[in-house]
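The structure appears below as structure tokens.
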Amino acid sequence: MAHEISTEALKDKLLNISYSGVYAQFHPEQLLDLYNEVSNFLSINSDSIDVTELFNLTELRFYLAILTHHDVDSKACLDRLTDQFGRDRSQRIKILQSIYLEAMGDNEGAKLLLNGDPDELDLSRRLVTFSRNSSDPEEYIACLKFYLDVQPSDLITWAELADQYQQLGHYERAIFCLQEIIQQEPFAYNIFYKIGLNYYYLYCREFSPKLEKKDKVLESANILRKARDHFLRTIEICETYSKAWLGIYLVTKAPINDVLRAKYKDNSAMGQLLSENDKLREVSAKKFTDLSGIDEATLKSDLSVSATPSA
Amino acid sequence: MSSFAFFLIGGLLLAHSGYSSYELHQFAKEFGTELKSIPSDITLETIAGIMIVVIAAVGSINKASKLSINNEIVPPQNRYLKEIEMKKATKEHETIGINDYQGFESRISFIDIQKKRNEFSDWIKKEKHD
Numbered sequence: 250m251a252h253e254i255s256t257e258a259l260k261d262k263l264l265n266i267s268y269s270g271v272y273a274q275f276h277p278e279q280l281l282d283l284y285n286e287v288s289n290f291l292s293i294n295s296d297s298i299d300v301t302e303l304f305n306l307t308e309l310r311f312y313l314a315i316l317t318h319h320d321v322d323s324k325a326c327l328d329r330l331t332d333q334f335g336r337d338r339s340q341r342i343k344i345l346q347s348i349y350l351e352a353m354g355d356n357e358g359a360k361l362l363l364n365g366d367p368d369e370l371d372l373s374r375r376l377v378t379f380s381r382n383s384s385d386p387e388e389y390i391a392c393l394k395f396y397l398d399v400q401p402s403d404l405i406t407w408a409e410l411a412d413q414y415q416q417l418g419h420y421e422r423a424i425f426c427l428q429e430i431i432q433q434e435p436f437a438y439n440i441f442y443k444i445g446l447n448y449y450y451l452y453c454r455e456f457s458p459k460l461e462k463k464d465k466v467l468e469s470a471n472i473l474r475k476a477r478d479h480f481l482r483t484i485e486i487c488e489t490y491s492k493a494w495l496g497i498y499l500v501t502k503a504p505i506n507d508v509l510r511a512k513y514k515d516n517s518a519m520g521q522l523l524s525e526n527d528k529l530r531e532v533s534a535k536k537f538t539d540l541s542g543i544d545e546a547t548l549k550s551d552l553s554v555s556a557t558p559s560a
Numbered sequence: 009m010s011s012f013a014f015f016l017i018g019g020l021l022l023a024h025s026g027y028s029s030y031e032l033h034q035f036a037k038e039f040g041t042e043l044k045s046i047p048s049d050i051t052l053e054t055i056a057g058i059m060i061v062v063i064a065a066v067g068s069i070n071k072a073s074k075l076s077i078n079n080e081i082v083p084p085q086n087r088y089l090k091e092i093e094m095k096k097a098t099k100e101h102e103t104i105g106i107n108d109y110q111g112f113e114s115r116i117s118f119i120d121i122q123k124k125r126n127e128f129s130d131w132i133k134k135e136k137h138d
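In order, the protein sequence lines correspond to chains X and L. The first sequence lines up with residues 250 to 560 when you count with the numbering used here. The second sequence lines up with residues 9 to 138 when you count with the numbering used here.
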């Protein structure tokens, strides 16, 4: 198969990976493979590709070398980039330098590099990450909020803040942050999925089958409806997003459906919710099994073990 | 290959109609007659030539396949244009594995370098151990 892959397609793939930063979520094995791929590609093709592409790929190689402990090579990439673009003029280069120092364990040096000019917002944003420590997550959140006060339109930071809130279980706050992103990027379907997921987690926390109070049950049902509607919005924008189909399936299988059916069927809003969920159950199960290759029996048996979709 | 044949035929027709027109004008100049219009066969030949070249050009469009992040070859969804409906146009992103909004999930500017490096060294140790 390898001989069929054209250089152009490989280059496009690597550039795409570089722009999207998707390697931040890669497994170590994938990282190592990708590092080898980029190094080979650059050693063969560095003369024949466009200069912009060359430096974008060199930056990618730098990150991958750092992440895979190829420290000598990462230094070589960094030197190549600083020779080309100068040491002080570009924020992007300064960030690379600080990341190199951070990886070598020189956190103070890295902070000093980022601390220079408060107008250089990208550097301030990177500086925020130094407040991250496992013992006090609130401090990191406070720093993120401080940065967002200065730069409220920075969507990536909103996403980071949402992630932090989600980890701490502040689902409502996470949803608020994600909605800030939706305001500027109304078609960001992965964000709609995340909002749905946060509503689902919120429902899981609020509802238990022992709940007696009518208000509480109806409130949980409303949260669940919001989760379902956000998953559906994801599907509306991208119909092959399998995680959202699984989310819908979980919503329709949630234990609250039985409680509603037994006690609150006469409530018109709840009646509608139940009938919609009934319609969606089979469709979502079928779509999810088609897309993911997991067969329906496994899906149903797995659900009885754990009832939360993956993040 | 077939589009090459079309290009050739279309090109020959165009060249021939041009030459015919040239000959006609030479003839008219020589004998001092005034041409009212170009004969319809030359016009028709020109139109036919242009149409065949256009058909060849459209036929020779060949979108390249893409690579997914797992190195699978993803053939183009449609031969000519992208899908109009958003829910179908975004299908390609999911097969490739990178969508337009990936940055919100990867957040490379917030990457925890030390943690990722430790993860990697743990993995490498485990691999060597096995």
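We put the CB at the ideal spot given by N, CA and C, even for glycine.
Per-residue burial, residue i [other beta carbons within 10 Å of its own, 16 or more giving buried]
i, result
"Y438(X)", "buried"
"H252(X)", "Bear in mind that the predicted position of H252(X) carries a pLDDT of just 48, short of 50, making it unreliable; the figure below should be weighed with that in mind. The residue in question, H252(X), is exposed, as its Cβ has fewer than 16 Cβ neighbours within 10 Å."
"G111(L)", "buried"
"T41(L)", "exposed"
"I92(L)", "exposed"
"K343(X)", "buried"
"D412(X)", "buried"
"Q346(X)", "buried"
"K462(X)", "exposed"
"E409(X)", "buried"
"P277(X)", "buried"
"R336(X)", "exposed"
"E488(X)", "buried"
"T406(X)", "buried"
"D366(X)", "exposed"
"I348(X)", "buried"
"G418(X)", "exposed"
"E351(X)", "buried"
"Y27(L)", "exposed"
8 Å Cβ cutoff, residue i in contact with chain X
i, result
"K99(L)", "yes"
"N86(L)", "no"
"K90(L)", "no"
"K124(L)", "yes"
"D120(L)", "yes"
"S73(L)", "yes"
"I77(L)", "yes"
"I69(L)", "no"
"G26(L)", "no"
"K95(L)", "yes"
"K136(L)", "no"
Residue i (DSSP reduced to helix, strand or coil)
i, result
"K44(L)", "coil"
"L75(L)", "strand"
"I430(X)", "helix"
"I543(X)", "coil"
"I298(X)", "coil"
"I81(L)", "strand"
"F311(X)", "helix"
"F436(X)", "coil"
"E461(X)", "coil"
"T406(X)", "helix"
"I266(X)", "helix"
"T378(X)", "helix"
"I63(L)", "helix"
"R87(L)", "coil"
"D385(X)", "coil"
"S533(X)", "helix"
"P504(X)", "coil"
"M250(X)", "With a pLDDT of only 43 at M250(X), under the threshold of 50, the placement of this residue in the model should not be trusted; the figure read from the coordinates follows. If DSSP states are grouped into helix, strand and coil, M250(X) belongs with coil."
"N487(X)", "Reading the sequence as shown, one finds Cys at residue 487(X) and not Asn. C487(X): coil per DSSP, three-state reduction."
"Y498(X)", "helix"
is_contact[residue i, chain L] using C-beta, thresh 8 Å
i, result
"V321(X)", "no"
"K512(X)", "no"
"H318(X)", "yes"
"H252(X)", "Confidence at H252(X) is low in this model, with a pLDDT of 48, below 50, so the placement of that residue is unreliable and no value is reported for it."
"N364(X)", "no"
"C326(X)", "no"
"A476(X)", "no"
"S288(X)", "no"
"A258(X)", "yes"
"A437(X)", "yes"
"V271(X)", "yes"
"S255(X)", "yes"
"L481(X)", "no"
CB-CB length for residue i against residue j, believed under 8 Å
i, j, result
"D120(L)", "R381(X)", "7 Å"
"V287(X)", "L313(X)", "6 Å"
"F436(X)", "W494(X)", "No, F436(X) and W494(X) are not in contact; Cβ-Cβ is about 18 Å, not under 8 Å."
"A72(L)", "E302(X)", "That belief does not hold up - the Cβ atoms of A72(L) and E302(X) are roughly 16 Å apart, past 8 Å."
"L306(X)", "L283(X)", "11 Å between Cβ atoms; not a contact."
8 Å Cβ cutoff, residue i in contact with chain B
i, result
"R375(X)", "Any reference to chain B falls outside this structure, whose protein chains are X and L."
Q: Only counting runs of 4 or more residues, tell me where the alpha helix (DSSP H) segments fall wholly within the region 100-127 of chain L, in order along the chain.
A: 111-114
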